[in-house]
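Undergrad:
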Amino acid sequence: MQSYPLQLVELTSTSYNSSFIDPTLEHDLTSCTKPWALSPLVSTMPHLAHKRAIGISHPVAGHLDSPHKPQSSEQNINWQQFPSPQSLTDDTTQLHLTLKSPCPSHSASPSPSPSPSPSPSPSSSPGSSPLISRESSSGVVTPDAGTAVKKNPLSARALVSLLPVSHDEEKRRARKERKHTERIVRHDQALQELRTADRRRAYFRDASHRRELIFGPEVCCPLYPLSLTETLIFGLSFMVGRLHDRLLLRLHSVRTKVVPQSAWWDLVRLDALLGRAASPFHVL
Amino acid sequence: MPCLRVVAGPSLDALSPISVNSGVPHPITSDAFEGQMLAYIKDFPDKCGSVIQSEYFDREDRKGVTWSIQVQGMSLDLHSHLVYHANGGIGRFLRPISADDVLFGNTFDRPLKLPWGSGAALKFMQYAILPFATGRVDVDVIQF
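Protein chains in written order, with my numbering: chain A, 70 to 353; chain B, 170 to 313.
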C-alpha cells in the first residue's frame with residue numbers, strides 16, 4: 070500500500086470555522102509518523118451523562134439504606150436502551166461518586182470529616198489497650214493529645230516504642246490526609262454543582278480535577294488502621310466504602326461500639342464472599 | 170465513487186466496519202473497557218450510493234449537527250458485573266482508570282501535510298481548536 074502524507078485540507082478548513090475551543094486538547098499534528106490530537110473525555114464531550122448503574126441486588130448497600138439506593142429494574146431497562154430515544158443531555162449529578170478516596174495510608178487513621186472535631190475518647194485512658202491509645206493519638210490528632218505526650222515522657226517513650234513511626238510523623242501524615250480529604254470534599258461539592266456542559270468542561274480544564282475521578286470496576290477506599298476494636302458500624306462502612314467511598318466518609322465518624330474479634334473476621338469473610346480479596350488490608 | 174468507510178474497534182489494530190445510522194450498537198471489548206458505540210453521519214451514502222438518513226438529525230436539540238458518535242460504557246464491581254453478565258451485560262471499565270487518562274480525539278496513520286502557517290498557528294495558539302466543529306459526541310458512561 071502506498072504511503073504518502075495526508076492532505077489536511079478538510080481538517081484545517083473545519084478548524085478555522087470551528088467555534089468549539091478546547092483548551093485541554095493536546096496534539097502532535099506535525100509528527101512524522103502518526104499525528105494525533107487528543108483531549109480528556111470529561112472536558113471535551115459536548116454531552117456527557119454519568120449515572121450509577123446499580124446492580125439488581127446489592128446486599129450491603131441495600132442493607133445500609135444507602136442514599137444511592139439500588140436498583141430498580143427500570144434502571145436496568147434504561148441502561149439497556151441504547152441508543153436512547155431522547156437525545157442525551159448532560160447529567161453529571163452522580164459524577165462525584167467516582168471521586169478518588171483520600172490516599173490510603175498504612176499506619177495513619179484518616180480524618181474523614183472536613184472539619185473534624187474529635188474529642189478525647191474514654192477509651193484512651195491509661196487502662197486502654199495500646200492500639201486504642203495509638204488510635205486516639207494518631208487518628209484524632211488533637212493538640213491536647215500532643216501536649217499530653219510531651220508532659221509525660223514515660224508514656225511518650227512507651228508510646229514511641231509501640232509506634233512504628235514517630236508521633237510527629239503521625240501528626241504530619243494525619244494533617245496531610247485531612248487536607249487531602251478537605252480537598253476531596255470541595256471537589257465533591259463542586260461536582261454536584263455542575264449543571265451544564267459548559268460548567269463541566271470549564272471545571273475539568275484543570276488536570277487535577279480530572280485526576281480526582283476514577284472510572285473503574287471498583288472504588289478505592291482509604292485504608293484504616295485495622296484493629297479488632299473497630300466498631301461494627303465502621304466495619305460495615307469499610308465494606309460499603311469499597312463500593313461507595315463517599316458513604317464511607319459519612320459513616321466513619323459514627324464508630325462507637327467495639328467489635329469483637331469474631332465479629333470482625335465474620336465481616337472479613339463476608340467481604341471475601343462479596344468477591345473481594347480475603348484480606349481487608351487489600352487496596353482495591 | 171469515493172465513500173466513507175466507518176470502522177470501530179478496541180484498538181487501532183483491531184478495527185472492523187460498522188453500520189452507520191442503523192441505530193444498532195456495536196460492542197467494543199478490550200482489556201480496559203467493555204461497552205458499545207454508535208455512529209451517525211448525516212446524509213451518509215452506503216456502498217451503493219444511496220443515502221441513509223437517521224431521525225437523530227431531525228431532533229430539535231440536534232439541529233445543525235452533522236455527525237455523532239455515541240459511546241456507552243459501564244464499570245461495575247465484581248458483584249454487579251456477574252449480575253449484568255448473566256443478563257447479557259453491556260460493558261464496563263475493567264480496571265480503575267483516571268478520568269485524565271480517558272481520551273477522545275484523532276490519530277492519523279500517516280503524517281499530515283499541514284498548510285502553510287499552520288505550524289506557527291499551532292505553536293502560538295493558546296487554545297487549540299478541535300477539528301470537529303459541527304459534530305456531536307454523546308458519551309453515556311455508567312459507572313458503579
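Beta carbons: idealized from backbone N, C-alpha and C, even for Gly.
Keep in mind the model is a prediction, meaning the values are calculated, not measured.
Determine, for Gly131/A, whether the minimum Cβ-Cβ distance to residues of chain B falls below 8 Å.
TA: The predicted model places Gly131/A with a pLDDT of 33, which falls under 50 and marks its position as unreliable, so this point remains unresolved.
Undergrad: Going by DSSP, what residue range makes up the alpha helix (DSSP H) through Asp257/A?
TA: His236 to Gln261
Undergrad: Who are the neighbours of Asp148/B on chain A, taking C-beta pairs under 7 Å?
TA: The structure shown has nothing for residue 148/B, since chain B only spans 170 to 313.
Undergrad: Taking 8 Å as the cut-off, does the segment 224-243 of chain B touch the segment 197-214 of chain B (at least 3 CB pairs, one atom from each stretch)?
TA: At 8 Å Cβ cutoff, the stretches touch.
Undergrad: Output needed for Gly286/B: all residues of its chain with C-beta closer than 7 Å, excluding positions within five of it in sequence on either side, in chain order.
TA: none
Undergrad: Along chain A, in chain order, which residues have C-beta atoms closer than 7 Å to that of Asn275/B?
TA: Contact annotation for Asn275/B against chain A: Trp105 and Ala106 [CB-CB distance below 7 Å, chain order].
Undergrad: Using only the alpha-carbon positions, how far apart do Gly178/B and Leu184/B sit?
TA: 4 Å
Undergrad: Output, in chain order, the set of chain B residues within a Cβ distance shorter than 8 Å of Ile283/A.
TA: Under a criterion of Cβ atoms nearer than 8 Å, the residues of chain B adjacent to Ile283/A are, in order, Pro265, Ile266, Ser267 and Ala268.
Undergrad: With Ser168/A and Leu282/A assumed to form a contact (beta carbons below 8 Å), what rounded beta-carbon distance in angstroms separates them?
TA: First, the amino acid is wrong: residue 168/A is Leu here, not Ser. Rounded, the Cβ-Cβ distance is 6 Å, consistent with contact.
Undergrad: Using only CA atoms, which one of Ile187/B, Thr276/B, Leu283/B and Ser219/B lies nearest to Pro171/B?
TA: Ser219/B
Undergrad: Measure the alpha-carbon distance for Ile221/B versus Gly274/B and round it to whole angstroms.
TA: 25 Å
Undergrad: On the criterion of 16 or more Cβ atoms from any shown chain inside 10 Å, does Pro186/B qualify as buried, or is it exposed?
TA: exposed
Undergrad: Between Thr113/A and chain B, is the shortest Cβ-Cβ distance under 8 Å, so that the two count as touching?
TA: yes
Undergrad: Of all the CB atoms in chain B, is at least one closer than 8 Å to the CB of Arg279/A?
TA: yes
Undergrad: From Asn190/B to Ile197/B, what distance separates their C-alpha atoms?
TA: 17 Å
Undergrad: Give, in chain order, every residue of the segment 175-200 of chain B whose Cβ lies closer than 7 Å to some Cβ of chain A.
TA: Gly192 and Pro194
Undergrad: Using 8 Å as the threshold, is the segment 96-115 of chain A in touch with the segment 252-270 of chain A, meaning 3 or more CB pairs across them?
TA: In this structure the segment 96-115 of chain A touches the segment 252-270 of chain A; the number of beta carbon pairs closer than 8 Å is three or more.
Undergrad: Can you check whether the C-beta of His254/B is within less than 8 Å of a C-beta belonging to chain A?
TA: Confidence is the limiting factor: at His254/B the pLDDT is only 27, short of 50, which leaves the residue's position unreliable, though a coordinate-based value still follows. It does not; no Cβ of chain A falls within 8 Å.
Undergrad: Hey, is Pro171/B's beta-carbon within less than 8 Å of any beta-carbon in chain A?
TA: For Pro171/B, not one C-beta of chain A is nearer than 8 Å to its own C-beta.
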